[in-house]
Amino acid sequence: MVQISRFVVKEKIYQTKDVVTIRLVPIEKFDFNFKPGQFVNLYIQKENQPLLARPYSIASSPSNKEYLELTIKIVEGGRFTPRVAELKVGDEVKIGGPFGKFFFFDEEKMKKLILIGGGCGITPFISMIRYVVDNKLNTQIVYFYSARTMDSILYKDELEKYAKENSNIKVVFTCTRETSDAWKGERGRVNIEMIKKYVDINDKEFYYMLCGPPAMVSDLVNALKNAGIKEERILHESWSS
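According to my numbering, the sequence shown holds residues 115 to 355 in order.
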């Protein structure tokens, strides 16, 4: 039976004009155990309207016992996310889960990870990276993060800090629609040539984890397979806003 628990909004932080991070704490204290990369169902009740729920990957690390963090893109005219936008500190929501098999599942086996995500597809990966840092694991991570513009990159300062302070973590930012000359990172979508620029794809120890829009994920999965990466080393999850 699915566990559904009552939580309250502790903090609400706008990462960009249309992406919000909410930090939730349980009303009745208990250990909410999950694996980095898993997701929950967020339930929000609005007065005189039906209870609605949507799945969201957890952004916080399992090591963080202070709060549960979700980062959500607000879709104008959407059915659910306007309810997220209306949440205030102190409001109650319900959480179901955790769920999902897309997670960092074997610390001994998965010593090398290539993470590829765009937009809010960062959430399972920031959970994994935080977990690796929190527990001082030797897991080697190369994270390719794709955003439309440099202003839409989520968790940028935190990711740069992790990469600077941990030799086993490298972050590659790329922007698909940035026009400013001030942007010094990669440009365009993540593709096999960009991956080869930073990673030896002949290294058979790497696991590839992809999270983002279905078209992006499908194209990259096919490109990785065509490059000789075995299917069992490619884990992926798609989402749509």
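In this text, a Cβ means the ideal position worked out from N, Cα and C, and glycines have one as well.
Predicted model only: the values in this text are computed from it and were never measured.
Scanning its chain for C-beta atoms nearer than 8 Å, with the 5 sequence neighbours on each side dropped, one finds around residue 221 the residues 251, 253, in chain order. As far as DSSP is concerned, residue 262 takes part in no beta bridge.
Here residue 173 is actually not in contact with residue 157; their C-beta atoms are around 18 Å apart, not less than 8 Å. Its Cα nearest to that of residue 255, the residue 277 stands out among 268, 262, 277, 261. Taking 8 Å as the cut-off, the beta carbon of residue 260 is found no closer than this to the beta carbon of residue 313.
8 Å or more divides the Cβ of residue 320 from the Cβ of residue 286. Less than 8 Å divides the Cβ of residue 210 from the Cβ of residue 155.
Under the Cβ criterion (8 Å, minimum of three pairs), the stretch 283-297 does not count as touching the stretch 189-200.
For residue 324, same chain residues with a beta-carbon under 6 Å away, outside a window of 5 residues either side, are 230, 331, 334, 350 in chain order. Contact between the stretch 234-249 and the stretch 338-345 is absent, with fewer than three C-beta pairs closer than 8 Å.
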